[in-house]
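Using the working numbering, you'd call the opening residue of the sequence shown number 14 and step up by one each time. Following: one structure in structure tokens, then a few remarks.
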Amino acid sequence: MNTRVLTFIAYQALWFAVVAAAGHDRGWLACAACLVFVLWQSIASAERAVVWRLAVLAVLLGMLVDGGATVAGVVRYAAKDPMPFPGGPPCWILGLWASFAVTLPGPMRWLSGRPVAAALLGAIGGPLSYAGAQRGWSAVTFPAPVWQGYAWLAVSWAVAMAVLAVALAHLTSGRTATVKR
Numbered sequence: 014m015n016t017r018v019l020t021f022i023a024y025q026a027l028w029f030a031v032v033a034a035a036g037h038d039r040g041w042l043a044c045a046a047c048l049v050f051v052l053w054q055s056i057a058s059a060e061r062a063v064v065w066r067l068a069v070l071a072v073l074l075g076m077l078v079d080g081g082a083t084v085a086g087v088v089r090y091a092a093k094d095p096m097p098f099p100g101g102p103p104c105w106i107l108g109l110w111a112s113f114a115v116t117l118p119g120p121m122r123w124l125s126g127r128p129v130a131a132a133l134l135g136a137i138g139g140p141l142s143y144a145g146a147q148r149g150w151s152a153v154t155f156p157a158p159v160w161q162g163y164a165w166l167a168v169s170w171a172v173a174m175a176v177l178a179v180a181l182a183h184l185t186s187g188r189t190a191t192v193k194r
């Protein structure tokens with residue numbers, strides 16, 4: 014099986030597992046699953062430094078996006094612990110940010126240097142993933158009025174994805190993806 018396809022499928026499975034764990038107040042298990050995924054991707058990649066830099070950048074973006082949503086009161090998280098800092102987003106959501114970022118050099122490579130496409134994907138995909146987390150597992154909730162939470166996520170995910178697309182292009186300097194075999 015193609016490595017990019019395997020990584021994409023593994024990330025989707027991880028997302029479901031993490032959101033289900035968080036929805037059942039097993040945030041520590043969700044964090045551990047994300048850590049294993051990020052480690053696996055860094056070991057499998059010939060671009061280990063790129064993978065780690067993207068993961069760190071994504072966690073910082075997650076702190077801004079989800080931390081801002083928490084402070085603004087437009088999103089609430091089911092699993093409250095562990096939290097990297099008081100009042101901020103839980104570890105599991107930051108783990109998902111890192112886990113998503115490490116897919117960028119592989120299956121999401123097509124976003125490299127395409128900030129507009131990345132922003133559109135973020136504006137649509139970001140809120141949809143939170144909606145799925147809410148409807149399927151109650152891992153997140155949106156206090157009324159709900160549209161404010163979705164608007165926050167659409168705008169902030171659009172910006173975050175554009176930043177990640179530019180960072181990916183910068184870090185890889187246009188190289189094609191390589192995977193250790």
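All residues carry an ideal CB built from backbone N, CA and C; glycine is no exception. A quick note: this is a predicted structure, and the numbers were derived from the prediction, not measured.
Reference residue i, options the options, closest by Cα
i	options	result
G86	G75, T154, V51, L141	T154
V172	P102, R61, L77, H183	L77
A91	A136, L42, G36, A43	G36
I137	V176, Y163, E60	Y163
A57	V115, V84, L133	V115
P128	M174, P97, V159, A111	M174
Assigned secondary structure, residue i (DSSP; H/G/I helix, E/B strand, else coil)
i	result
R127	coil
S169	helix
R17	helix
R39	coil
V84	helix
S55	helix
K193	Reliability of the predicted coordinates at K193 is poor, the pLDDT of 47 falling under 50, and the value obtained from them is presented with this limitation in mind. Note: K193 maps to coil in three-state DSSP.
T154	strand
L107	helix
Buried versus exposed call for residue i [16 or more other C-beta atoms within 10 Å across all chains shown]
i	result
G100	exposed
G40	buried
F113	buried
S186	exposed
G149	exposed
P156	exposed
V31	buried
L52	exposed
A190	Low per-residue confidence applies at A190: pLDDT is 48, beneath 50, and the placement is therefore not dependable, though the value from the model is reported in the following sentence. A190 is buried by the Cβ-count criterion.
Does the structure place the region 47–59 close enough to the region 167–184 that three or more beta carbon pairs sit under 8 Å?
no
Could you say if the region 174–185 and the region 66–73 meet the contact criterion of at least three C-beta pairs nearer than 8 Å?
yes
Could you tell me whether the region 14–27 touches the region 118–125, using the rule of 3 or more Cβ pairs below 8 Å?
yes
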